[in-house]
Amino acid sequence: MKKIEAIIRKSKYREVKEALHDVGVNFFSYWDVTGLGNEKEGHVYRGVSYSTSDIQRRYLSIVVNDDFAEVAIQAILNSGATGEVGDGKIFVSQIDECYRIRTGEKGGDTLK
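See the structure below:
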């Protein structure tokens with residue numbers, strides 16, 4: 555099993571969510587996060603322009619079976635990209651085991 559963690563633009567969340575649902579990822583967790591990166595968001599307030607290093611993003615956590623990881627990653631890459639600095643990152647790590655709390659069963663079938 556693989557854990558896919560993606561940090562994406564908040565403005566692309568709906569598109570990424572729909573792309574994941576289209577390829578069969580029907581469950582994932584997400585959080586609103588603030589990070590620091592190469593992008594600097596500019597703001598204009600009452601005609602005064604200022605920038606901040608705090609960037610609002612959405613953090614997705616998805617666990618899939620090994621053979622499905624590339625499909626989910628491609629869905630995020632295709633739907634989350636704008637071509638600009640600050641589109642985000644995807645991290646993939648190995649999951650050793652998974653348990654379904656309700657039944658106590660374990661393994662890859664618990665993700666279905």
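Position 54 of the sequence shown, counted from 1, bears residue number 608 in our numbering, the numbering being contiguous throughout.
Where is the CB? At the ideal position from N, CA and C, for every residue including glycine.
Please read all numbers here as calculations on a predicted model, not as lab measurements.
Where the alpha helix (DSSP H) through Glu624 begins and ends: To locate residue 624, count along the sequence shown from 1; it is residue 70. Run containing Glu624: Ala623 to Gly634, per the alpha helix (DSSP H) assignment.
Rounded straight-line distance, which links the Cα of Thr657 to that of Val646: Within the sequence shown, numbered from 1, the residue matching residue 646 stands at position 92. Within the sequence shown, numbered from 1, the residue matching residue 657 stands at position 103. So the two alpha carbons sit approximately 27 Å from each other.
Under the three-state DSSP convention, the category Thr657 falls into: If you number the sequence shown from 1, residue 657 lands on position 103. Thr657 falls in the coil class under three-state DSSP.
Gln610 versus Leu665, Ser583 and Gly640, residue with shortest Cα-Cα distance: Mapped onto the sequence shown, residue 610 falls at position 56. For Gln610, the nearest C-alpha among the options comes from Gly640.
For Gly589: DSSP bridge partner residues: Residue 589 sits at position 35 when you count from the first residue of the sequence shown. Bridge partners of Gly589: Ile609.
Closest by C-alpha distance to Asn619, when choosing among Ile630, Lys666, Ala573 and Gly637: In the sequence shown, residue 619 corresponds to position 65, counting from 1. The option with the nearest alpha carbon to Asn619 is Lys666.
8 Å Cβ cutoff, Val646 in contact with chain C: Reference to chain C is not applicable here, since this structure consists of a single protein chain.
Chain-order list of residues whose beta-carbon lies under 6 Å from that of Ala635 (same chain, five-residue window excluded): As a position in the sequence shown, residue 635 is number 81, starting the count at 1. Closer than 6 Å at Cβ, skipping near neighbours: Asp641.
Under 8 Å between C-beta atoms of Ala629 and Leu574: The sequence position of residue 629 within the sequence shown is 75, counting from 1. The sequence position of residue 574 within the sequence shown is 20, counting from 1. Yes; because the gap between Cβ atoms is below 8 Å, this pair is in contact.
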